[in-house]
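Novice: Keeping their order, the protein sequence lines are chains A and B. Residue 1 is where the first sequence starts when you use my numbering, and the numbers rise one by one after that. Residue 1 is where the second sequence starts when you use my numbering, and the numbers rise one by one after that.
Number of protein chains: 2
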Amino acid sequence: MDGLNKIAESISKRRKSLKITQNDLAEISGVSTRSLKDIETGKGNPTLIQILKIFNSLGLKFKITAGNDDD
Amino acid sequence: MDGLNKIAESISKRRKSLKITQNDLAEISGVSTRSLKDIETGKGNPTLIQILKIFNSLGLKFKITAGNDDD
DNA sequence: CAAAATAGTGCACTATGTTGCCCTTTGCGT
DNA sequence: ACGCAAAGGGCAACATAGTGCACTATTTTG
Chain A
1 MDGLNKIAES
11 ISKRRKSLKI
21 TQNDLAEISG
31 VSTRSLKDIE
41 TGKGNPTLIQ
51 ILKIFNSLGL
61 KFKITAGNDD
71 D
Chain B
1 MDGLNKIAES
11 ISKRRKSLKI
21 TQNDLAEISG
31 VSTRSLKDIE
41 TGKGNPTLIQ
51 ILKIFNSLGL
61 KFKITAGNDD
71 D
């Protein structure tokens with residue numbers, strides 16, 4: 001699973017677990033439904049801000065780690 | 001710290017800890033130095049693929065978590 | 001099964017991200 | 001201080017992400 005699909009799946013699963021539709025999420029996040037559809041199906045190459053808007057709306061967080069554990 | 005700066009800083013710190021220059025990283029990752037400069041300074045709105053290329057090159061990983069712990 | 005709701009897609013257009021070129025600034029080593 | 005390497009920034013051309021609309025497909029509900 002590449003990073004794009006990982007994110008796509010996280011969003012889709014989380015949205016469903018919150019029992020809201022793509023249209024709901026679109027309104028809440030400020031991302032168009034059209035773009036949201038592409039993102040959830042792992043298509044295209046969304047910008048970071050789109051992803052962050054959606055993550056914030058869904059209460060998703062991401063954590064960055066290096067091979068070792070600095071920082 | 002917003003998500004953009006969080007990513008910017010992670011990349012910059014990690015690159016320096018590997019003792020490589022922006023030009024080095026640009027060549028390795030396939031992202032132009034020009035874009036890399038913007039990304040490391042937290043400017044603009046990079047695409048996910050740009051970020052993933054850089055993360056892969058630097059050995060950075062990200063993990064997504066929800067408020068609760070499903071999935 | 002039929003209807004309604006939700007999800008996915010094609011297309012055209014607009015907005016903006018990506019890059020190369022070139023110059024300025026900063027930091028480092030001698 | 002000087003010279004060089006690395007980092008940062010302005011700009012224009014090009015590439016592509018974002019969006020609305022209309023439509024199809026799929027899932028859910030009665």
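Yeah, the Cβ is synthetic: ideal placement off N, Cα and C, and Gly gets one too. Keep in mind that this is a model prediction, so the values were computed, not measured.
Got a sec: is the Cβ-Cβ distance from Ile-64 of chain A to anything in chain B below 7 Å?
Specialist: By this cut-off, Ile-64 of chain A is an interface position.
Novice: Quick check on the DSSP output: the beta strand (DSSP E) that includes Leu-60 of chain B runs from which residue to which?
Specialist: Where Leu-60 of chain B is concerned, the enclosing beta strand (DSSP E) stretches over 60-65.
Novice: For the ligand HEM, is there any heavy atom lying closer than 6 Å to the beta carbon of Gly-44 of chain B?
Specialist: Looking at this structure, you won't find the ligand HEM or any other ligand, since it has none at all.
Novice: I'd like the span of the alpha helix (DSSP H) that includes Asn-23 of chain B, first residue to last.
Specialist: Start and end: 22-29.
Novice: Shortest alpha-carbon distance to Lys-6 of chain B belongs to which of A:Gly-59, A:Gly-3, A:Ile-54, A:Leu-48?
Specialist: The candidate whose alpha carbon is nearest that of Lys-6 of chain B is A:Leu-48.
Novice: Just to make sure I have the definition right: I need the residues of chain A whose C-beta is within less than 9 Å of the C-beta of Ile-20 of chain B. Which are they?
Specialist: Within 9 Å Cβ-Cβ: nothing; Ile-20 of chain B doesn't reach chain A, min ~14 Å.
Novice: What residues of chain B sit near Asn-5 of chain A, judged by a beta carbon separation below 8 Å?
Specialist: Here the premise fails: no neighbours, minimum Cβ distance about 11 Å.
Novice: Short of 7 Å Cβ to Cβ, which residues in the segment 34-64 of chain B face chain A?
Specialist: Those residues of the segment 34-64 of chain B that come within reach of chain A (Cβ to Cβ, closer than 7 Å) are Asn-45, Pro-46, Thr-47, Leu-48, Ile-49, Ile-51, Leu-52, Gly-59, Leu-60, Lys-61, Phe-62, Lys-63, Ile-64.
Novice: Listing by chain order, which chain A residues have their CB less than 7 Å from the CB of Arg-14 of chain B?
Specialist: Near Arg-14 of chain B (Cβ distances below 7 Å), the residues of chain A are Ala-66.
Novice: Between Thr-65 of chain B and Lys-63 of chain A, which are expected to be in contact by the criterion C-beta below 8 Å, what is the C-beta distance as a whole number of angstroms?
Specialist: Confirmed, about 7 Å.
Novice: Kindly give me the distance between the Cβ atoms of Ile-11 of chain B and Leu-52 of chain B, rounded to whole angstroms, as I take these residues to be in contact under 8 Å.
Specialist: About 12 Å; that fails the 8 Å criterion.
Novice: Could you tell me whether the Cβ of Ser-32 of chain B comes closer than 7 Å to any Cβ of chain A?
Specialist: Chain A contact via Cβ: absent.
Novice: For Ile-44 of chain A, I'd like the list of residues in its chain whose CB is within less than 7 Å of its CB, leaving aside the five on either flank, ordered along the chain.
Specialist: Position check: residue 44 of chain A holds Gly in this sequence, whereas Ile was assumed. For Gly-44 of chain A, where only same-chain residues beyond five positions count, the Cβ hits under 7 Å are Asp-38.
Novice: Alpha carbon to alpha carbon, how far is Leu-25 of chain A from Phe-55 of chain B?
Specialist: About 28 Å.
Novice: First and last residue of the alpha helix (DSSP H) that includes Leu-4 of chain A?
Specialist: Note, Leu-4 of chain A: alpha helix (DSSP H), 3-17.
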